[in-house]
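A.B. asks:
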Amino acid sequence: SGTGPSWALVKKRHLPPEISGLDENYTPIRTYQVCQVMEPNQNNWLRTNWIEKGNAQRIFVELKFTLRDCNSLPGVVGTCKETFNLYYQETDSEVGRSLRENQYVKIDTIAADESFTQGDLGERKMKLNTEVRIIGPLSRRGFYLAFQDVGACIALVSVKVYYKKCWSIIENLATFPDTVTGSEFSSLVEVEGMCVSDAEEEADNSPKMHCSAEGEWLVPIGKCICKLFCCHPCAACGRGFYKSSSQDLQCSRCPAHSLNDREGSWRCDCEDGYYRALSDPPSVACTRPPSAPQNLVYNINQTSVGLEWGPPADTGGRNDVTYRVVCRRCSWDPEECVPCGPNVGYSPAQSGLVDTYVTVVDLLAHANYTFEVEAVNGVSDLSRTQRLFAAVSIATGQAAPSQVSEVIKEKVQQRSIQLSWQEPQQPNGVITEYEIKYYEKDQKDRVYSTVRSRSTSATVNNLKPSTAYVFQIRAFTEAGYGTYGPRLEITTKEETTAAIVSSEQNPVIIIAVVAVAGTIILVFMVFGFIIGRRYALAVKFPGTKTYIDPETYEDPNRAVHQFAKELDASCIKIERVIGAGEFGEVCSGRLKLPGKRDVSVAIKTLKVGYTEKQRRDFLCEASIMGQFDHPNVVHLEGVVTRGNPTRMHQLIIFFIVHLFCSPGKPVMIVIEYMENGSLDGFLRKHDGQFTVIQLVGMLRGIAAGMRYLSDMGYVHRDLAARNILVNSNLVCKVSDFGLSRVIDDDPEAVYTTTGGKIPVRWTAPEAIQYRKFTSASDVWSYGIVMWEVMSYGERPYWDMSNQDVIKAIEEGYRLPAPMDCPPGLHQLMLDCWQKDRAERPKFDQIVGILDKMIRNPNTLKTPVGTCTRPISPLLDQSTPDFTAFCSVGEWLEAIKMERYRDNFTAAGYSSLESVARMSIEDVMSLGITLVGHQKKIMSSIQTMRAQMLHLHGTGVQV
6 SGTGPSWALV KKRHLPPEIS GLDENYTPIR TYQVCQVMEP NQNNWLRTNW IEKGNAQRIF
66 VELKFTLRDC NSLPGVVGTC KETFNLYYQE TDSEVGRSLR ENQYVKIDTI AADESFTQGD
126 LGERKMKLNT EVRIIGPLSR RGFYLAFQDV GACIALVSVK VYYKKCWSII ENLATFPDTV
186 TGSEFSSLVE VEGMCVSDAE EEADNSPKMH CSAEGEWLVP IGKCICKLFC CHPCAACGRG
246 FYKSSSQDLQ CSRCPAHSLN DREGSWRCDC EDGYYRALSD PPSVACTRPP SAPQNLVYNI
306 NQTSVGLEWG PPADTGGRND VTYRVVCRRC SWDPEECVPC GPNVGYSPAQ SGLVDTYVTV
366 VDLLAHANYT FEVEAVNGVS DLSRTQRLFA AVSIATGQAA PSQVSEVIKE KVQQRSIQLS
426 WQEPQQPNGV ITEYEIKYYE KDQKDRVYST VRSRSTSATV NNLKPSTAYV FQIRAFTEAG
486 YGTYGPRLEI TTKEETTAAI VSSEQNPVII IAVVAVAGTI ILVFMVFGFI IGRRYALAVK
546 FPGTKTYIDP ETYEDPNRAV HQFAKELDAS CIKIERVIGA GEFGEVCSGR LKLPGKRDVS
606 VAIKTLKVGY TEKQRRDFLC EASIMGQFDH PNVVHLEGVV TRGNPTRMHQ LIIFFIVHLF
666 CSPGKPVMIV IEYMENGSLD GFLRKHDGQF TVIQLVGMLR GIAAGMRYLS DMGYVHRDLA
726 ARNILVNSNL VCKVSDFGLS RVIDDDPEAV YTTTGGKIPV RWTAPEAIQY RKFTSASDVW
786 SYGIVMWEVM SYGERPYWDM SNQDVIKAIE EGYRLPAPMD CPPGLHQLML DCWQKDRAER
846 PKFDQIVGIL DKMIRNPNTL KTPVGTCTRP ISPLLDQSTP DFTAFCSVGE WLEAIKMERY
906 RDNFTAAGYS SLESVARMSI EDVMSLGITL VGHQKKIMSS IQTMRAQMLH LHGTGVQV
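Just so we're aligned, residue 6 is where the sequence shown starts under our numbering, counting upward by one.
So this is what it looks like as structure tokens:
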């Protein structure tokens, strides 16, 4: 740190010399001032002399300045500014007074919290503002600071340049010297300590501390210990006493159930049968595991068992007792029991239970089980004594059948519907009949009727025409009814009416009736078309919210007020400028609504002198965002469109920048604040700092947001990493919904938007050539986003021109896998870049694929060639590609037969090739007795065998 920099004036236009003035307390101060607001195109620079940084890598710059409110300057029209820019340049030595702007790196745009308005500049009385910015990491010997004025009335009072360090300290009998903090905000500098006099390092545990970026000592590791028989302050404690810290002034007596028989102990050892948990300090008494739970009782309900018990008589001296349940399935020989496996469910949980009850479900029918309930505490896993538990043995009854899930509508008529379905996967006995429950969807009391069938099909009669019905089916065995399957909604056909006219009736009357009816129908069709086009009320699926284009509204203000919440401007406090948008500045601030806690928000503002068209375009984004509600889509808090003149003075105090478009009419869009900004910049800043699973998690969030938008019928058209925002929890959210796009005809083939030009490297070929923007073109863009994420924000197609990119894509070129990108992720990118848009995956498929990768991270680490097969697309097809599985376990899980994994392993079926040679007799020999399961497994084996033969025929090694 130091007293501050010396200065050099570097002029594009002449700045006045150093001037004396008074601060808000009328204390004399010296300042650099400039106030050339009457002249346009200002570009004034002030630079410090060269500052040598020493050992510092992260520099703090504290600015004290004052700035005049442009509204208090008469005669200023659009030339006055209320911000200035801060720059720096790294060098190894002084470079003289020459200034080239392109050599300086911008740190930030600085704005004032308060501006002065009283009198004129000659009074020299000013309100001081203080702002702190950080530079780093720095690699050269020194640097310059520079300040750029572009037309403000400003006075720079002081600049404090400093760095942080951890001051010397004595900790754990070790001395740690002054240490300069690291180069990154999250870095810790490891420092070796030196033992004080009469102390020595503990064996293999040398003392270390870590200096944080804020100048604080953290994470002590190791320590020094006093030498035996040394003098004060390292006097050794006697037998039966201990001292856990060198800062303790006196020795303490050993706590209960602990002892020591040597001098100089820092803790006391536990007696036999007693233990101390890893989280327990040395001052805590030693404890032991609890006794077994008491009075275990059970209740059997077919294939479910309820267990209840009482607390143990002895808690072991601890108050952190919980319970865990062990389930074993036994044969008729009590000695032959095996764990129940993952197919058994526990409610509320199997372990960590606080309450003294649990329900075990999904047990096998007519099977023997043993349940053990054990009480555990913080030292149970440390005990070497025999476990104490309460046990009970039971036999389950017959299970009810599982759900009927696959229901097909065979035939729909005006007054009847024919259905068919598949037998449940787990019939658990002989199904004697099925029950079909149905009711009218829009019926408030939902009075339902039932129809029964002994086969897997039925016809429901006596229905109403043009009516939506909901159907559910369940199966019945001797054990009772199973649960109803999922709801299926079907609408009956419309009733056709025809006039029955006898041969004696006048044909003129018939023609007249038909003509009148046709005219009425035509009028209703035209009216319906107009209404539907005006309000865009197209419904894709019952109950699914659909996006409504604000352009369909004759009055755009109506769309804003329908979809966006109007906020009172007095509830918004703007804190600082964080960027510049297309329509004005972007600020961060706080939103405090009545009855709610304040939240961080970002505020988009409309610049001074806007036109009505600019206002409509600005608020169009709010009309779009207000229709969305998803955790991976940026949330709109509301808009400010109606001014309140009585609060103007209060608003001017709160606002950092001049946000009003005309007196009394502030216009703002308020959205949730995303701390880490845009995804591309965030990744470039943290290059290489995330695991693959973290990156896949980010991609999964983006895909989930796009799935939601696609389901609503919204096409984004500008999906790119720059339009994804990241919050402090690394949650990625889709943003930027306000751009309208028109194809430009220039040779670079870019889109012209209200916000500039967007490169074609994110856009699907059909959107470039034929203006066909669909959800499939968004999928292409999502593939580019995947590439950006895995390459940590690298520019797609590098320095190729847009025309070269279009030509390369047309010729079949696709981006290669980024460094360290798993093959499965690159394959998904290639799927997104299919030339035929119909062959690209849907966003719901992409989400499913990424979920599988997250659940099984080992698949991401598998290099090309580990599985002896070519990498195939990851898309789920109607018939699975069984050759794509690397193990028998994966295959069984795919066909939902993973319960037989141990059966196959015990019989020696360790490869898919051996499974493909199995017959029905081989399957039955594994103990698979259910006919439905036998058929399902054999059908899968036959498909696998055919796929393998096909690959052999194409020359692919299997």
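C-beta atoms are modelled at their ideal positions from N, C-alpha and C, and glycine is treated no differently.
Can you check which of these residues, VAL185, ARG52, LYS111, THR32, is closest to LYS58 by C-alpha distance?
C.D. replies: By 1-based counting over the sequence shown, the position of residue 58 is 53. Closest option to LYS58, Cα to Cα, is VAL185.
A.B. asks: Residues in the same chain with beta-carbon distance under 7 Å from LYS86, minus the five sequence neighbours each way, listed in chain order, please.
C.D. replies: The count along the sequence shown starts at 1 and reaches residue 86 at position 81. If we look at LYS86 and ignore the five residues flanking it on each side, its Cβ neighbours are VAL155, GLY156, ALA157.
A.B. asks: Please go through the segment 760–842 and give each complete alpha helix (DSSP H) segment of 4 or more residues, from N-terminal end onward.
C.D. replies: Correct list: 770–775, 780–795, 807–815, 828–837.
A.B. asks: Nearest-angstrom Cα distance between SER309 and GLY894?
C.D. replies: As a position in the sequence shown, residue 309 is number 304, starting the count at 1. As a position in the sequence shown, residue 894 is number 889, starting the count at 1. Those two C-alpha atoms are separated by around 27 Å.
A.B. asks: Taking buried to mean at least 16 other C-beta atoms within 10 Å of its own C-beta, is GLY870 buried or exposed?
C.D. replies: Translated into the one-based positions of the sequence shown, residue 870 becomes position 865. Residue confidence is low: GLY870 scores 35 on pLDDT, short of 50, so the model does not pin down where it sits. Its coordinate-derived value is still stated next. It counts as exposed.
A.B. asks: Helix, strand or coil: how does DSSP classify HIS566 here?
C.D. replies: Counting from one through the sequence shown, the residue named residue 566 turns up at place 561. Three-state DSSP puts HIS566 in a helix.
A.B. asks: In the structure shown, what three-state DSSP assignment does ALA503 receive?
C.D. replies: The count along the sequence shown starts at 1 and reaches residue 503 at position 498. At ALA503 the pLDDT is 46, less than 50, meaning the model places this residue with poor confidence; the figure from the coordinates comes in the next sentence. Three-state DSSP puts ALA503 in coil, outside helix and strand.
A.B. asks: Is it buried or exposed, GLU509, if we count other Cβ atoms within 10 angstroms and call 16 or more buried?
C.D. replies: As a position in the sequence shown, residue 509 is number 504, starting the count at 1. Bear in mind that the predicted position of GLU509 carries a pLDDT of just 42, short of 50, making it too unreliable to give a figure here.
A.B. asks: Can you tell me whether PHE964 is helix, strand or coil according to DSSP?
C.D. replies: Lying outside 6 to 963, the shown extent of the chain, residue 964 is not represented and no answer is given.
A.B. asks: Assuming LEU700 is part of the alpha helix (DSSP H), what are its boundary residues?
C.D. replies: Indexing the sequence shown from 1 puts residue 700 at position 695. Residues 697–716.
A.B. asks: Where LYS570 and GLY643 are concerned, what is the direct C-alpha to C-alpha distance, given to the nearest angstrom?
C.D. replies: Start at 1 with the first residue of the sequence shown, and residue 570 comes out as number 565. Start at 1 with the first residue of the sequence shown, and residue 643 comes out as number 638. Answer to the nearest angstrom: the Cα atoms are 5 Å apart.
A.B. asks: Are there 16 or more other CB atoms within 10 angstroms of the CB of VAL675, so buried, or fewer, so exposed?
C.D. replies: Taking the sequence shown and counting its residues from 1, one reaches residue 675 at position 670. That one is buried.
A.B. asks: If we ignore side chains and look at the alpha-carbon of each, how far apart do GLY306 and ILE441 end up?
C.D. replies: To locate residue 306, count along the sequence shown from 1; it is residue 301. To locate residue 441, count along the sequence shown from 1; it is residue 436. Note that residue 306 corresponds to Asn in the displayed sequence, not to Gly. Going from the Cα of ASN306 to the Cα of ILE441 covers about 25 Å.
A.B. asks: Could you compute how far the alpha carbon of GLN939 sits from the alpha carbon of PHE481?
C.D. replies: By one-based count along the sequence shown, residue 939 stands at place 934. By one-based count along the sequence shown, residue 481 stands at place 476. GLN939 and PHE481: Cα-Cα distance of roughly 22 Å.
A.B. asks: Determine which residues share a DSSP beta bridge with MET673 and list them.
C.D. replies: Working through the sequence shown from its first residue, we reach residue 673 at position 668. According to DSSP, which records beta bridges pairwise, MET673 is partnered with THR610, VAL645.
A.B. asks: Checking the sheet assignment: what are the DSSP bridge partners for THR114?
C.D. replies: Here residue 114 corresponds to residue number 109 of the sequence shown, with the count starting at 1. Looking at the DSSP assignment, THR114 forms a beta bridge with ASN90.
A.B. asks: For the segment 319–402, which segments carrying the beta strand (DSSP E) assignment without a break, of at least 3 residues, lie completely within its bounds, in sequence order?
C.D. replies: Taking only runs of at least 3 residues, the beta strand (DSSP E) segments lying wholly in the segment 319–402 are 327–335, 342–344, 350–352, 362–366, 373–381, 394–400.
A.B. asks: Looking only at its chain, what residues have a beta carbon closer than 6 Å to the beta carbon of ALA725, apart from the 5 residues adjacent to it on each side?
C.D. replies: Taking the first residue of the sequence shown as 1, we reach residue 725 at position 720. Within the same chain, ALA725 has close Cβ partners TRP767.
A.B. asks: ALA405: buried (16+ other C-beta within 10 angstroms of its C-beta) or exposed?
C.D. replies: To locate residue 405, count along the sequence shown from 1; it is residue 400. The residue is buried, with at least 16 neighbouring Cβ atoms inside 10 Å.
A.B. asks: Can you pull the DSSP bridge partners for TYR109?
C.D. replies: By one-based count along the sequence shown, residue 109 stands at place 104. According to DSSP, TYR109 bridges with nothing at all.
A.B. asks: With C-beta atoms as the reference, is ALA208 less than 8 Å away from SER192?
C.D. replies: As a first step, residue 208 is located in the sequence shown; it is residue number 203 there, counting from the start. As a first step, residue 192 is located in the sequence shown; it is residue number 187 there, counting from the start. No.
A.B. asks: Just curious, the alpha helix (DSSP H) that THR910 is in, first and last residue?
C.D. replies: Along the sequence shown, read from residue 1 onward, the residue named residue 910 stands at position 905. Element bounds for THR910: 906–911.
A.B. asks: So, under 8 Å CB-CB, TYR247 and SER270 are touching, yes? Tell me the CB distance rounded to an integer number of Å.
C.D. replies: The residue you call residue 247 lines up with position 242 of the sequence shown. The residue you call residue 270 lines up with position 265 of the sequence shown. Confirmed, about 5 Å.
A.B. asks: Within this structure, are the beta carbons of GLN419 and PRO344 separated by less than 8 Å?
C.D. replies: Counted from its first residue, the sequence shown places residue 419 at position 414. Counted from its first residue, the sequence shown places residue 344 at position 339. Not a contact, by the Cβ cut-off of 8 Å.
A.B. asks: Could you give the first and the last residue of the continuous beta strand (DSSP E) run that contains GLN423?
C.D. replies: Along the sequence shown, one-based indexing puts residue 423 at 418. That run of the beta strand (DSSP E) goes 422–426.
A.B. asks: Decide if the segment 315–323 is in contact with the segment 293–302; the criterion is three or more beta carbon pairs, one per stretch, under 8 Å apart.
C.D. replies: At 8 Å Cβ cutoff, the stretches touch.
A.B. asks: Going by DSSP, what residue range makes up the beta strand (DSSP E) through PHE65?
C.D. replies: Looking up residue 65 in the sequence shown gives position 60. From DSSP, the beta strand (DSSP E) with PHE65 extends over 64–72.
A.B. asks: Less than 8 Å separating the beta-carbons of SER407 and ASN466?
C.D. replies: Numbered from its first residue, the sequence shown carries residue 407 at position 402. Numbered from its first residue, the sequence shown carries residue 466 at position 461. Contact flag unset, no.
A.B. asks: Quick check: the Cα distance between ARG258 and LYS169, rounded to an integer number of angstroms?
C.D. replies: Locating residue 258 in the sequence shown gives position 253, where the first residue counts as 1. Locating residue 169 in the sequence shown gives position 164, where the first residue counts as 1. When rounded, the distance between both Cα atoms is 42 Å.
A.B. asks: Measure the CB-CB distance between TRP426 and THR401 and report whether it falls below 8 Å.
C.D. replies: The count along the sequence shown starts at 1 and reaches residue 426 at position 421. The count along the sequence shown starts at 1 and reaches residue 401 at position 396. Cβ atoms of TRP426 and THR401: not closer than 8 Å.
A.B. asks: Indicate whether MET679 and VAL645 have their beta-carbon atoms separated by less than 8 Å.
C.D. replies: For the purposes of this step, residue 679 is taken as the residue at position 674 of the sequence shown. For the purposes of this step, residue 645 is taken as the residue at position 640 of the sequence shown. Their beta carbons are not under 8 Å apart, which means MET679 does not touch VAL645 by this criterion.
A.B. asks: So the candidates are ASN382, ALA160, MET214, ARG904; which of them puts its Cα closest to the Cα of GLY357?
C.D. replies: As a first step, residue 357 must be located in the sequence shown, where it is residue number 352. Nearest option by C-alpha distance: ASN382.
A.B. asks: Tell me the residue span of the alpha helix (DSSP H) that contains GLY594.
C.D. replies: Working through the sequence shown from its first residue, we reach residue 594 at position 589. Not the alpha helix (DSSP H): GLY594 falls in the beta strand (DSSP E), residues 590–596.
A.B. asks: Leaving out the 5 sequence neighbours to the left and right, which residues in its chain are closer than 6 Å to SER352 when beta-carbon positions are compared?
C.D. replies: One-based indexing of the sequence shown puts residue 352 at position 347. Closer than 6 Å at Cβ, skipping near neighbours: THR364.
A.B. asks: Which of helix, strand or coil does DSSP assign to SER945?
C.D. replies: Position 940 of the sequence shown holds residue 945. Here SER945 sits in helix by DSSP.
A.B. asks: What is the DSSP secondary structure of ALA726, counted as helix, strand or coil?
C.D. replies: To locate residue 726, count along the sequence shown from 1; it is residue 721. Three-state DSSP puts ALA726 in a helix.
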